[in-house]
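Just so we're aligned: the sequence shown equals residues -26 to -1, 1 to 103 in mature numbering (1 follows the signal peptide of the UniProt record, and there is no 0).
Yeah, the Cβ is synthetic: ideal placement off N, Cα and C, and Gly gets one too.
Every value quoted in this text rests on a predicted model; they were computed, and no experiment measured them.
For reference, the structure is listed below as structure tokens.
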Amino acid sequence: MMGPRMLRLVWIVLAAMLWLPAGAQAHAHHTAQSAHADLAIISVAELPPQARDTLRAIKDGGPFAYPRDGVVFGNYERALPKRPRGYYHEYTVKTPGARNRGARRIISGEPGEYYYTADHYKIFKRIQE
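Below, the structure written as structure tokens:
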């Protein structure tokens, strides 16, 4: 049989077990949201010339250099603000000397919402026009 001290200890442990996962989840959600708010900004003038060309093509509706340009970007890394599937689309930014599509992309959302990544989705910068 448990004494009053042992019973109190059991209740404390149970309460901690129930509280900690909820607290950790709330912290992770807050961290993800603040990461989106902290995205660096890059002006159009600061973009490489090839990225400016790609941005112009996106706004003009094409033509695009690569067949996969315009496909849905899944945001699986959750580096961009959470939106419904199909909201974001990706476009290749030509990389001089690359034998393939390279790592540079522009991701578009609503008109006027563009993000640039030079390292294949690791770091995004919001394009400010």
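**Strand pairing of A100, partner residues [DSSP]** = The residue you call residue 100 lines up with position 126 of the sequence shown. Going by the sequence as given, residue 100 is Arg instead of Ala. Answer by DSSP bridge pairing, in chain order: I15, Y89.
**Request:** Return the residue from the list I101, G60, N74, Y61 that minimises the CA-CA distance to residue 105.
**Result:** Residue 105 is absent from the model: the chain starts at -26 and stops at 103.
**Request:** Could you say which of V67, V46, T69 lies nearest to P58 if we only look at CA atoms?
**Result:** By one-based count along the sequence shown, residue 58 stands at place 84. Closest option to P58, Cα to Cα, is V46.
**Asked** Exposed or buried, what is residue 104 when buried is set at 16 or more other beta-carbons lying within 10 Å of its beta-carbon?
**Response** In this structure the chain extends from -26 to 103, so residue 104 is not present and cannot be described.
**Message:** Going by DSSP in three states, T28 sits in which element: helix, strand or coil?
**Reply:** Numbered from its first residue, the sequence shown carries residue 28 at position 54. Assigned with DSSP and collapsed to three states, T28 falls in helix.
**Request:** Could you pull out every unbroken beta strand (DSSP E) segment of at least 3 residues lying fully inside the stretch 37 to 94, listed in chain order?
**Result:** Entirely contained in the stretch 37 to 94, the beta strand (DSSP E) runs reaching 3 residues are, in chain order, 63 to 66, 79 to 82, 88 to 91.
**Asked** For T69, which of K96, Y40, A19, A14 has the nearest alpha-carbon?
**Response** Taking the sequence shown and counting its residues from 1, the one referred to as residue 69 is at position 95. Of K96, Y40, A19, A14, the residue nearest in Cα terms is Y40.
**Prompt:** Taking all protein chains shown into account, do 16 or more other C-beta atoms lie within 10 angstroms of the C-beta of residue 104, making it buried, or fewer, making it exposed?
**Reply:** Past the edges of the chain, shown from -26 to 103, lies residue 104, and the structure says nothing about it.
**Prompt:** Would A25 be called buried (16 or more neighbouring beta carbons within 10 Å of its own) or exposed?
**Reply:** Mapped onto the sequence shown, residue 25 falls at position 51. The C-beta of A25 has 16 or more other C-beta atoms within 10 Å across all chains shown, which makes the residue buried.
**Message:** Please return the same chain residues whose Cβ sits closer than 7 Å to the Cβ of G60, not counting the five positions on each side in sequence.
**Reply:** Reading the sequence shown from its first residue, position 86 is the one you call residue 60. Excluding sequence neighbours, G60 sits near V46.
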